[in-house]
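*Asks:* Here it is, the structure, as C-alpha cells.
Number of protein chains: 2
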Amino acid sequence: MKASALGPMESLSMTDRVENILREYLMDNGFKPGDSLPNETEIAQKLNVSRNVVREALSRLRMLGLIESRTRRGMIMAQPDLFAGIEKVMSPSILSHDNQKDLFELRLILEMGIAEFLFARKTDKDLEELEAIVNKQKGLKSLSREDEIEFHGKLYEMTGNDTFRRFQTLLFPVFDHVFKEYLEKGIHTDLPNPVSHADLFDVLKNGTAAQFRNAMYGHLMPYFTTTLQNGVQTS
Amino acid sequence: MKASALGPMESLSMTDRVENILREYLMDNGFKPGDSLPNETEIAQKLNVSRNVVREALSRLRMLGLIESRTRRGMIMAQPDLFAGIEKVMSPSILSHDNQKDLFELRLILEMGIAEFLFARKTDKDLEELEAIVNKQKGLKSLSREDEIEFHGKLYEMTGNDTFRRFQTLLFPVFDHVFKEYLEKGIHTDLPNPVSHADLFDVLKNGTAAQFRNAMYGHLMPYFTTTLQNGVQTS
DNA sequence: GATGTTTATTTGTACTACAAATGTAATTAT
DNA sequence: ATAATTACATTTGTAGTACAAATAAACATC
Chain X
246 MKASALGPME SLSMTDRVEN ILREYLMDNG FKPGDSLPNE TEIAQKLNVS
296 RNVVREALSR LRMLGLIESR TRRGMIMAQP DLFAGIEKVM SPSILSHDNQ
346 KDLFELRLIL EMGIAEFLFA RKTDKDLEEL EAIVNKQKGL KSLSREDEIE
396 FHGKLYEMTG NDTFRRFQTL LFPVFDHVFK EYLEKGIHTD LPNPVSHADL
446 FDVLKNGTAA QFRNAMYGHL MPYFTTTLQN GVQTS
Chain Z
246 MKASALGPME SLSMTDRVEN ILREYLMDNG FKPGDSLPNE TEIAQKLNVS
296 RNVVREALSR LRMLGLIESR TRRGMIMAQP DLFAGIEKVM SPSILSHDNQ
346 KDLFELRLIL EMGIAEFLFA RKTDKDLEEL EAIVNKQKGL KSLSREDEIE
396 FHGKLYEMTG NDTFRRFQTL LFPVFDHVFK EYLEKGIHTD LPNPVSHADL
446 FDVLKNGTAA QFRNAMYGHL MPYFTTTLQN GVQTS
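As you go down the protein sequences, you meet chains X and Z in turn. Sequential numbering of the first sequence, starting at 246, is according to the numbering used here. Sequential numbering of the second sequence, starting at 246, is according to the numbering used here.
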C-alpha cells in the first residue's frame, strides 16, 4: 500500500522491514546497553506505519534481548543474549533431521577442539574436582547420561569460556536424541569406550595437549564410527 | 489483569506467555512442517487475550522460521532456521566484549576439531580444489582476509557438515574484529604462521588426522598465543 | 524541608475496521 | 453436462482508537 521510505516491497511484510530498519538503526548509531530509544508512537510516525507493526517488530527485538521496556521510562537498549533465539528451536522435535545430525557432529568437533584451552587454563582446584567426579564413576559398570554430563560439563567449565559451555549444554539434548536413534537403527558398533574418563583425566593432569587430543578421539571413537557409518548428508 | 489459564503472573508479559504456550503447543503436539495452525482469532479467544498479543507472539515465531503464514490458507508450521535468531545479534557492535572474546576462541576450538571429519570425508575433487586455492596463494607475501576465508571456508565445506559451515561463517566477522582489536592493543606476538596453508594441505593429502590436528594447532598458534596472553575473562 | 498528592508520559492490552489475497461455491455460457 | 467466469467467504496484514497500569516528575501541604 504505502511504501514510503521503507525500501523495496519484495515479499517482506511491514513488520519484517521495520524490524530490519530498527536493528540497523541501533547498530549504525552505536547504541549501547542503557541508551533509551524513541517511543513507539514516534517510531510509527517516523516510519509511516501503525503502532501495531512497530510493536510486532519490537516484540521480536525484545525476544532477542536487544531491547527492554519499562513503563514510563520507555525502551532501552539491552545486552542481547547470544542464544536467546537458538535455544527456542534447539529441540529434536522441531529441528530437521539433517540439522540434528549436523549438531551431533558439531558436538564431537567441539569436544575435539578444547585441548589447548584446557591445558592453558587448568588449575589444581579444577583437577581436584574433576578427579572427584572420575572417582565417583570408577565403580560403575556403565555411565548414565548424567554421569557423562557431569564429566564433560566440568571440562567445558575448565575451558574458561562460558559461551562455549552454554553452547555445548544446548547441544546435548539433540546429541543424546540422535545417538539413541542411531542405537535403535543398529548402526552402533557396540564397543566399550577404549579411552575412559579416568584415562582422559590422567592425560589432562600429566600429559600434553597433543596427547589429550588423541585421547579424546579415542574416547569419542564410538560416536565417530557411528556417525561416519551413516555417510554424508545430502544437503 | 486477567490471568485465566495462562499460569503465574511473574514478570512475563502476556506476549511472553503466549509465545511460550504456542511453542509448547507446537512441540508437544508433534506439529510437523506443513501442518496448519488454528487461526489468530481462535487462538486469541482460546487463550483469552487480544489478537494483538497473539500476533506479537506469532511475529516472534515467524522470525525464528517456526511458522509461515499465507493469506487465506492461514498459518502453517515451517522448518525453523537454526541460526535465524543468532545471526541477528552476531555483530561486534552489539555483542558484549566477553561474548566476542568467547566467540573468538570458539572459532579456534572449531578449527581444531574438524580433523576427523576432513579425513573421513575428503574426496579427490575436494583436494584438487583446495590445492588450486593453495597454489593461488603461494606467491603472496601476506594473506588477505578473503584469502583466509577462501582456504578455511573450503575446509568447512569439506567437513560435509553444512550447519558447521554456516556457523563458522557467522563467527568470522566477530573473530576478525576481535583479532584486529588485539593487534591494536599490541598483544599479538608478531610471528609469521609457523604452519602455512600449503603445509596444512600437504598433511591433509598425505598425512593422518592426528598429524593434521597438530599441524592445525601450529597454523593457529599466533591466535592461541594472542588470546591466551589475555587471560581468562571474569564471567 | 520533608512528605504526601496530582499529573503527565509511555508501555501493555483490547477492540474495531477494512484491504488484500485466494480457495470455494455458485452461476452462466457453450 | 461441462467449462469458464463470477461472486463469496475466510484469514492474514495493517491502521486506528481507547484505556489501564506504572511511575517519574512536578506540585501542594504541613
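Built from N, CA and C at the ideal position, the CB exists for glycine as well. Here the structure is a predicted model, which means the values were calculated and not measured.
Can you round the beta-carbon distance between L311(X) and A323(X) to whole angstroms, since I take them to be within the 8 Å contact cut?
*Replies:* 6 Å
*Asks:* Whose Cβ in chain X lies nearer than 7 Å to the Cβ of V334(Z)?
*Replies:* L309, L311, P325, L327
*Asks:* Can we count R300(Z) as close to the ligand COA, meaning its CB is less than 6 Å from some heavy atom?
*Replies:* Of ligands this structure carries none, so the ligand COA is not represented either.
*Asks:* Taking CB distances under 7 Å as the criterion, tell me whether D369(X) reaches chain Z.
*Replies:* no
*Asks:* Give the C-beta separation of M403(X) and K367(X) to the nearest angstrom, bearing in mind that I take them to be a contact with Cβ-Cβ under 8 Å.
*Replies:* 6 Å
*Asks:* Quick one: does T471(Z) have its CB under 7 Å from some CB of chain X?
*Replies:* no
*Asks:* Excluding the five sequence neighbours on either side, which residues of its own chain have a C-beta within less than 8 Å of the C-beta of R315(Z), listed in chain order?
*Replies:* Excluding positions up to five away in sequence, the list reads I321.
*Asks:* Threshold first: 4 residues or longer. Then list the alpha helix (DSSP H) segments lying entirely within the stretch 368-406 of chain X, N to C.
*Replies:* Listed in chain order, the complete alpha helix (DSSP H) runs (minimum 4 residues) inside the stretch 368-406 of chain X are 369-383, 390-403.
*Asks:* Pair every Cβ in the stretch 350-370 of chain X with every Cβ in the stretch 405-424 of chain X, then say whether three or more of these pairs are closer than 8 Å.
*Replies:* Yes: the two stretches touch, three or more of their Cβ pairs being nearer than 8 Å.
*Asks:* Ignore the nearest five residues each way along the sequence and tell me which others in R225(Z)'s own chain have a CB closer than 7 Å to its CB.
*Replies:* There is no way to answer for residue 225(Z), as the model of chain Z reaches only from 246 to 480.
*Asks:* Can you say whether Q453(X) is buried or exposed, counting buried as having 16 or more other CB atoms within 10 angstroms of its CB?
*Replies:* The amino acid occupying residue 453(X) in the given sequence is Thr; Gln does not appear at that position. When all chains shown are included, T453(X) counts as exposed.
*Asks:* Checking contacts by CB at 7 Å: is M272(Z) closer than that to chain X?
*Replies:* yes
*Asks:* Would you kindly work out how many angstroms separate the C-alpha atoms of F328(Z) and R307(Z), rounded to a whole number?
*Replies:* 13 Å
*Asks:* In this structure, does DSSP put I359(X) in helix, strand or coil?
*Replies:* coil
*Asks:* Between S441(X) and chain Z, is the shortest Cβ-Cβ distance under 7 Å, so that the two count as touching?
*Replies:* no
*Asks:* Give the residues of chain Z in contact with T453(X), contact being defined as C-beta atoms less than 7 Å apart.
*Replies:* Within 7 Å of the CB of T453(X), no CB atom of chain Z is found; the nearest one sits about 10 Å away.
*Asks:* Going along the chain, which residues of its own chain have a beta-carbon closer than 7 Å to the beta-carbon of A460(Z), five neighbours each way excluded?
*Replies:* Within the same chain, Cβ atoms closer than 7 Å to the Cβ of A460(Z) are found at V440, D444, L445, V448, the five residues on either side in sequence being excluded.
*Asks:* Tell me which residue opens and which closes the alpha helix (DSSP H) that S481(X) is part of.
*Replies:* Residue 481(X) lies beyond the range of chain X shown here (246 to 480); nothing can be said about it.
*Asks:* Mind checking if F409(X) is an interface residue toward chain Z, Cβ cutoff 7 Å exclusive?
*Replies:* At least one chain Z Cβ lies under 7 Å of F409(X).
*Asks:* When DSSP labels each residue in this structure, what does R318(Z) get in the three-state scheme?
*Replies:* coil
*Asks:* Using only the alpha-carbon positions, how far apart do R410(Z) and L375(Z) sit?
*Replies:* The C-alpha of L375(Z) is placed about 16 Å away from the C-alpha of R410(Z).
*Asks:* To the nearest angstrom, how far is it from the Cα of H342(X) to the Cα of K430(Z)?
*Replies:* 44 Å
*Asks:* Can you have a look at E269(Z) and say buried or exposed, based on whether 16 or more other CB atoms are within 10 angstroms of its CB?
*Replies:* exposed
*Asks:* Would you please verify whether the beta carbon of G358(X) is less than 7 Å from any beta carbon of chain Z?
*Replies:* yes
*Asks:* Which residues, in chain order, does the stretch 334-349 of chain X contribute to contact with chain Z at a C-beta distance below 8 Å?
*Replies:* Within the stretch 334-349 of chain X, the qualifying residues are V334, M335, S336, S338, I339, L340, S341, D343, N344, D347, L348.
*Asks:* Chain Z partners of S304(X), CB-CB under 7 Å?
*Replies:* T260, E301, S304, R305
*Asks:* What residues match up with I312(Z) in a beta bridge as DSSP calls it?
*Replies:* M322(Z)
*Asks:* Over the uninterrupted alpha helix (DSSP H) stretch that includes M335(Z), give me the two end residues.
*Replies:* Neither: M335(Z) is in no alpha helix (DSSP H) and is coded neither H nor E.
*Asks:* Quick check: what's the CA-CA separation for N380(Z) versus L351(Z)?
*Replies:* 29 Å
*Asks:* Sorted by chain position, which residues of the same chain lie with C-beta nearer than 8 Å to F457(Z)'s C-beta, five sequence neighbours on each side aside?
*Replies:* A360, L363, F364, L445, V448, L449
*Asks:* Is the distance from the Cβ of V334(X) to the Cβ of V299(X) below 7 Å?
*Replies:* no
*Asks:* Can you name the start and end residues of the alpha helix (DSSP H) that D447(Z) belongs to?
*Replies:* 442-451
*Asks:* Return the CA-CA distance between V419(X) and F424(Z), expressed in angstroms with no decimal places.
*Replies:* 32 Å
*Asks:* Among L257(X), N293(X), L348(X), I378(X), which one has its Cα closest to the Cα of E313(Z)?
*Replies:* Checking every option, the nearest Cα to that of E313(Z) belongs to L257(X).
*Asks:* Name, please, each residue of chain X whose Cβ falls closer than 8 Å to the Cβ of I331(Z).
*Replies:* The answer, in chain order, is L327, F328, G330, I331.
*Asks:* Check the Cβ-Cβ distances between E361(Z) and every residue of chain X, and say whether any is below 7 Å.
*Replies:* yes
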